[in-house]
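Colleague:
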DNA sequence: TTCCTGAGCGCCCAGATCAAG
DNA sequence: ACTTGATCTGGGCGCTCAGGA
């Protein structure tokens, strides 16, 4: 006597069997129109709502996917990226009637905790895992039989989706070369993201090669994605005997740090030195000069990852494991031709 | 023959009844130690995992709460705020064994859609709703019997949690007054957020009153939380006969817009004009000069909202409907004493 | 074809049972 | 024989699926 109507309550009211009501609820096309109307109006009158729990129990599917995100404030991934990722995934999942069970994870912590929250209770049909949040747990997930799509880069042989980091870096480099820059300083990212960083370096090298220019190999510095590390890297680059005329930082935060170093040391932006970033965070267009950066279109990444997972769940797995979404160069005021040598 | 072990499988292996296994799983203290050990080892050997669906069906509770967020890129709420909110809520929910089902919502859209995704299928025990994402649907939710906690401001008589906007605005104003500013221009936010904006105005007025200063009532402009509107508002403020010496924008984006206007019109920051914002987004410390702003400690807001919802679900509802989390002033380089009149 | 019937899915709850004090 | 505490038994939560009418 919980009060809520069930399939059978509705069936009794509509004068049909519970199974017929089930067919109506699930949009079975073999239901006669007259019966369907009767059932629908009974459902409306009783304010019937199906029970996800009962359905999950009987069918073995929950129609919910788990999303595992890293959650380490101010490090590695921008909040902009994460929230757009989730928004895109949610949009795609909602369109197909799926729910999104979220688990954030403090990144240095017990390895498998976030996934286990889902899989230990069998509340999800599959998983979307941000690479930084749990690449190391993938074998366990696979053996547990959970279809998984990784968002980002991984060595594991799983479905994965990532933005076109190589293409983005290519576009930045090409843009800087076209402006006339020859000595381009690079602020590389941390080893935790070595696969994404490798892709960006490939794009950089390819752009130099296509322009038939030799890449100055003494101009790569490392940072850890924080503004402070970008500041320090800019200092190291600019105090070399032959400093660069442009700095390409592998994320926006480091680019902002580099801009700060340059301003504090009397360089005019962008006339003395150009700066470009990566990720196109909201801050990029708010700083002065606005930062040229690569937009990853994070919502598209989330959408595609969700679509692939749903396709796998529907039994039509995509042909390729690795899927790439386009990224685009956003040219803003922070990049300009290098100063004339005189 | 799905393969997965059930309570009864474990029971058979351990030589006890299924109900005893259930008691072990649920931590019933009346289980004898010897039996508990036998059951636990059987569970381990069989890799038993409880089925959330079956449990939900039998108990009527899902141990999942729904979180409804607005999702309108670049407007009204910063991504920083949202993601920290969710992170805090998730942390609290996870600690009590609850899951977090997320639904993002494009804000101008069909009113109740996001909540209905949860409630129509009865997959959640309660809801956390961002005020901007669904205040208008609250009566419907309440009548449907879903315990709900609103994050933000609302006129409805529901549990709600919001940061101390009034205190934050008080702190900013007091800070500016202490620096010597008398004419403080205000860039107010949009009417959609009128309750939060009213709280900030109260803080502003109280600070003037406590300092025994009269508030210049001709220095309030409106914006819509975008940088462009902050830019325009700054223009209107600074071209008055007696322009302000400081601008207090009711969010960071508008503050950035104001900074841009000031720079483009030859004002030195902060020596000619001070600027303060609200929300303390990541961009605040990346711009130059770094922006003085009010930190809302969004994760704390999310945590408290989750805790209140869980308390309601546990049958021990808090005494008060309205709950406020502290916000703090982050003083940075964008605020300084006004120029000496000469 | 369209609809119906019956048997579970894996769990929780209530009441029955059984060992001890 | 009469509590008290630990364990067991049966029924049913609301749905889907297979097979029959």
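Chains as they are written, first to last, in my numbering: chain A, 1 to 342; chain B, 343 to 684.
No residue lacks a Cβ here, since even glycine has one placed at the ideal position from N, Cα and C.
Measuring alpha carbon to alpha carbon, tell me which of B:571, B:607 and B:585 ends up nearest residue 592 of chain B.
Modeller: For the purposes of this step, residue 592 of chain B is identified with residue 250 of the second chain, where counting begins at 1. Answer by Cα proximity: B:571.
Colleague: Going by alpha carbons, who is nearest to residue 597 of chain B out of B:583, B:576, B:425 and B:513?
Modeller: Numbered from its first residue, the second chain carries residue 597 of chain B at position 255. Out of B:583, B:576, B:425 and B:513, B:576 has the C-alpha closest to the C-alpha of residue 597 of chain B.
Colleague: Which residue from B:681, B:682, B:666 and B:677 puts its Cα closest to that of residue 493 of chain B?
Modeller: Within the second chain, the letter at position 151 stands for residue 493 of chain B. Out of B:681, B:682, B:666 and B:677, B:666 has the C-alpha closest to the C-alpha of residue 493 of chain B.
Colleague: Buried or exposed for residue 178 of chain A, going by 16 or more other Cβ atoms inside 10 Å?
Modeller: Start at 1 with the first residue of the first chain, and residue 178 of chain A comes out as number 178. Residue 178 of chain A should be labelled exposed.
Colleague: Just checking my contact of residue 121 of chain A with residue 365 of chain B at CB under 8 Å: how many whole Å lie between their CB atoms?
Modeller: Reading the first chain from its first residue, position 121 is the one you call residue 121 of chain A. Reading the second chain from its first residue, position 23 is the one you call residue 365 of chain B. That pair is no contact at about 18 Å.
Colleague: Report yes if the C-beta distance between residue 180 of chain A and residue 338 of chain A is below 9 Å; otherwise report no.
Modeller: By one-based count along the first chain, residue 180 of chain A stands at place 180. By one-based count along the first chain, residue 338 of chain A stands at place 338. Contact: yes.
Colleague: By DSSP, does residue 535 of chain B sit in helix, in strand, or in coil?
Modeller: Numbered from its first residue, the second chain carries residue 535 of chain B at position 193. Note: residue 535 of chain B maps to helix in three-state DSSP.
Colleague: Helix, strand or coil for residue 56 of chain A? Go by DSSP, reduced to three states.
Modeller: Numbered from its first residue, the first chain carries residue 56 of chain A at position 56. It is helical.
Colleague: For residue 46 of chain A and residue 16 of chain A, what's the separation of their Cα atoms in angstroms?
Modeller: For this step, residue 46 of chain A is matched to residue 46 along the first chain. For this step, residue 16 of chain A is matched to residue 16 along the first chain. Their backbone Cα atoms lie some 15 Å apart in a straight line.
Colleague: Would you mind reading off the limits of the beta strand (DSSP E) that contains residue 185 of chain A?
Modeller: Taking the first residue of the first chain as position 1, residue 185 of chain A is located at position 185. 184-188 is the extent of the beta strand (DSSP E) around residue 185 of chain A.
Colleague: Anything in chain B within Cβ reach of residue 71 of chain A, meaning under 7 Å, just list it in chain order.
Modeller: Position 71 of the first chain holds residue 71 of chain A. 429, listed in chain order.
Colleague: From residue 400 of chain B to residue 56 of chain A, what does the alpha carbon distance come to, in whole angstroms?
Modeller: The count along the second chain starts at 1 and reaches residue 400 of chain B at position 58. The count along the first chain starts at 1 and reaches residue 56 of chain A at position 56. When rounded, the distance between both Cα atoms is 12 Å.
Colleague: Hey, residue 262 of chain A and residue 275 of chain A: beta-carbon distance below 9 Å or not?
Modeller: In the first chain, counting from the first residue as 1, residue 262 of chain A sits at position 262. In the first chain, counting from the first residue as 1, residue 275 of chain A sits at position 275. Taking 9 Å as the Cβ cut-off, residue 262 of chain A and residue 275 of chain A qualify as a contacting pair.
Colleague: Mind pulling the chain A residues with CB within less than 8 Å of residue 630 of chain B?
Modeller: Taking the second chain and counting its residues from 1, the one referred to as residue 630 of chain B is at position 288. Residues of chain A passing the Cβ test: 259, 260, 263, 287 and 288.
Colleague: So with CB distances below 7 Å, who are the chain B contacts of residue 283 of chain A?
Modeller: Within the first chain, residue 283 of chain A is the residue found at index 283, counting from 1. By Cβ distance, chain B contributes 624, 625 and 628.
Colleague: Sort A:53, A:18, A:211 and A:19 by Cα distance to residue 405 of chain B and report the nearest one.
Modeller: As a first step, residue 405 of chain B is located in the second chain; it is residue number 63 there, counting from the start. The candidate whose alpha carbon is nearest that of residue 405 of chain B is A:53.
Colleague: Using a Cβ cut-off of 7 Å, pull out every chain B residue sitting near residue 334 of chain A, in sequence order please.
Modeller: Your numbering for residue 334 of chain A matches position 334 in the first chain. Neighbours of residue 334 of chain A in chain B, taken as residues whose beta carbon is under 7 Å from its own, are absent, since the nearest beta carbon is some 13 Å off.
Colleague: Give a yes or no on whether the minimum CB-CB distance between residue 461 of chain B and chain A is below 9 Å.
Modeller: Translated into the one-based positions of the second chain, residue 461 of chain B becomes position 119. Residue contact check for residue 461 of chain B against chain A: a CB pair falls below 9 Å.
Colleague: When the distance is taken between beta carbons, is residue 303 of chain A closer than 9 Å to residue 167 of chain A?
Modeller: For the purposes of this step, residue 167 of chain A is identified with residue 167 of the first chain, where counting begins at 1. For the purposes of this step, residue 303 of chain A is identified with residue 303 of the first chain, where counting begins at 1. Not closer than 9 Å, so no.
Colleague: Just to confirm, are residue 407 of chain B and residue 651 of chain B a CB contact at a threshold of 9 Å?
Modeller: One-based indexing of the second chain puts residue 407 of chain B at position 65. One-based indexing of the second chain puts residue 651 of chain B at position 309. Contact: yes.
Colleague: Roughly how many angstroms lie between the CA atoms of residue 496 of chain B and residue 85 of chain A, to the nearest whole one?
Modeller: Within the second chain, numbered from 1, the residue matching residue 496 of chain B stands at position 154. Within the first chain, numbered from 1, the residue matching residue 85 of chain A stands at position 85. So the alpha carbons of these two residues sit roughly 29 Å apart.
Colleague: According to DSSP, is residue 224 of chain A part of a helix, a strand, or is it coil?
Modeller: Here residue 224 of chain A corresponds to residue number 224 of the first chain, with the count starting at 1. Residue 224 of chain A falls in the coil class under three-state DSSP.
Colleague: For residue 241 of chain A, tell me which candidate among A:176, A:218 and A:165 has the shortest Cα-Cα distance.
Modeller: Position 241 of the first chain holds residue 241 of chain A. Nearest of A:176, A:218 and A:165 to residue 241 of chain A, Cα basis: A:218.
Colleague: Would residue 80 of chain A count as contacting chain B if we go by Cβ distances under 9 Å?
Modeller: Taking the first residue of the first chain as position 1, residue 80 of chain A is located at position 80. Yes, residue 80 of chain A lies at the interface with chain B (some Cβ there is under 9 Å from its Cβ).
Colleague: Between the Cα of residue 82 of chain A and the Cα atoms of A:172, A:280 and A:95, which residue gives the shortest distance?
Modeller: Here residue 82 of chain A refers to the residue found at position 82 when the first chain is read from its first residue. The option with the nearest alpha carbon to residue 82 of chain A is A:280.
Colleague: Below 9 Å between beta carbons is the criterion; list the residues of the region 579-591 of chain B that meet it against any residue of chain A, in chain order.
Modeller: none
Colleague: Using CA atoms only, rank isn't needed, just tell me which of A:293, A:204 and A:165 is closest to residue 301 of chain A.
Modeller: Mapped onto the first chain, residue 301 of chain A falls at position 301. Per the Cα distances, A:165.
Colleague: Among residues of its own chain, excluding the 5 on either side of residue 74 of chain A, which ones have a beta-carbon nearer than 6 Å to its beta-carbon?
Modeller: By 1-based counting over the first chain, the position of residue 74 of chain A is 74. Summary for residue 74 of chain A: the model assigns pLDDT 46, below 50, so the residue's position carries little reliability; its value from the coordinates is reported in the next sentence. Excluding positions up to five away in sequence, the list is empty.
Colleague: Is the beta carbon of residue 306 of chain A closer than 9 Å to that of residue 149 of chain A?
Modeller: Residue numbering aside, residue 149 of chain A sits at position 149 when the first chain is read from its first letter. Residue numbering aside, residue 306 of chain A sits at position 306 when the first chain is read from its first letter. Yes, the pair counts as a contact, with Cβ atoms nearer than the cut-off.
Colleague: Counting only the same chain and skipping the five closest in sequence on each side, list residues whose C-beta sits under 8 Å from that of residue 30 of chain A.
Modeller: Here residue 30 of chain A refers to the residue found at position 30 of the first chain. Counting only Cβ-Cβ distances below 8 Å, and skipping sequence neighbours, we find 23.
Colleague: What are the residues of the region 30-51 of chain A that lie near chain B, defined by any Cβ-Cβ distance shorter than 7 Å?
Modeller: 49, 50 and 51
Colleague: Provide the residue span of the beta strand (DSSP E) that contains residue 441 of chain B, from first to last.
Modeller: What you label residue 441 of chain B is simply residue 99 of the second chain in a count that begins at 1. Taken as a continuous stretch (DSSP letters only), the beta strand (DSSP E) holding residue 441 of chain B covers 441-447.
Colleague: How is residue 151 of chain A classed by DSSP in three states: helix, strand or coil?
Modeller: The residue given as residue 151 of chain A occupies position 151 in the first chain. The answer is strand: DSSP assigns residue 151 of chain A an E or B state.
Colleague: Nearest to residue 314 of chain A by alpha carbon, out of A:97, A:223, A:44 and A:25?
Modeller: Walking along the first chain from the start, residue 314 of chain A turns up at place 314. Nearest of A:97, A:223, A:44 and A:25 to residue 314 of chain A, Cα basis: A:97.
Colleague: With a threshold of 9 Å between beta-carbons, can residue 267 of chain A be considered close to chain B, or not?
Modeller: The count along the first chain starts at 1 and reaches residue 267 of chain A at position 267. So no, residue 267 of chain A is outside the interface.
Colleague: Which residue or residues does DSSP assign as beta-bridge partners of residue 248 of chain A?
Modeller: To locate residue 248 of chain A, count along the first chain from 1; it is residue 248. DSSP output for residue 248 of chain A lists A:186 and A:276 as bridge partner(s).
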